[in-house]
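Student: In my numbering, the protein residues as written are 10 to 139.
Ideal placement from N, C-alpha and C gives every residue a C-beta, glycine not left out.
I'd like to ask you about the structure that follows.
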Ligand SMILES: [Zn+2]
């Protein structure tokens, strides 16, 4: 695995151990039902997607960081596009961004969190390919 591939794997919701299986039931984060649902185990290497109860509690901190990035982007864009904005406009735009991006934030924060704890095993990727 090259470090360059990591953001792409995280965006696709691939398993951290084999980089092959999908961790979510749907590849579309905005799918109304399946977008939020994770598979129990990786279909490729059987890695549990929830290694222990409450595992994703810490993903909240990743989600916080992602939302902060969204806030900075929206705030900066608004300042350039419409410099005379009111606080109401800013807060409404921020709330709208958080709500619209929720499916993406949810998946990204969980995926980043599990990538921190589960190490990549390249031999699994090679074993099952042949
Ligand atoms: Zn896997």
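Report the residue from 50, 99, 112 whose alpha carbon sits nearest the alpha carbon of residue 72.
Tutor: As a first step, residue 72 is located in the chain shown; it is residue number 63 there, counting from the start. Among 50, 99, 112, the Cα nearest to that of residue 72 belongs to 112.
Student: With hydrogens ignored, establish whether the beta-carbon of residue 140 is closer than 7 angstroms to any heavy atom of ligand 1.
Tutor: With the chain covering only 10 through 139, there is no way to say anything about residue 140.
Student: Nearest by alpha-carbon distance to residue 117: which of 42, 47, 91, 93 is it?
Tutor: The sequence position of residue 117 within the chain shown is 108, counting from 1. Per the Cα distances, 47.
Student: So what's residue 76 in DSSP terms, helix, strand or just coil?
Tutor: Within the chain shown, the letter at position 67 stands for residue 76. Looking at residue 76 - three-state DSSP - the assignment turns out to be helix.
Student: Look at the Cβ atom of residue 60, then the Cβ atom of residue 129, and state whether they are nearer than 8 angstroms.
Tutor: Locating residue 60 in the chain shown gives position 51, counting from the first residue. Locating residue 129 in the chain shown gives position 120, counting from the first residue. Result no, Cβ atoms of residue 60 and residue 129 do not sit closer than 8 angstroms.
Student: Quick check on DSSP: helix, strand or coil for residue 47?
Tutor: Here residue 47 corresponds to residue number 38 of the chain shown, with the count starting at 1. Strand.
Student: In the structure shown, what three-state DSSP assignment does residue 115 receive?
Tutor: Translated into the one-based positions of the chain shown, residue 115 becomes position 106. If DSSP states are grouped into helix, strand and coil, residue 115 belongs with the helices.
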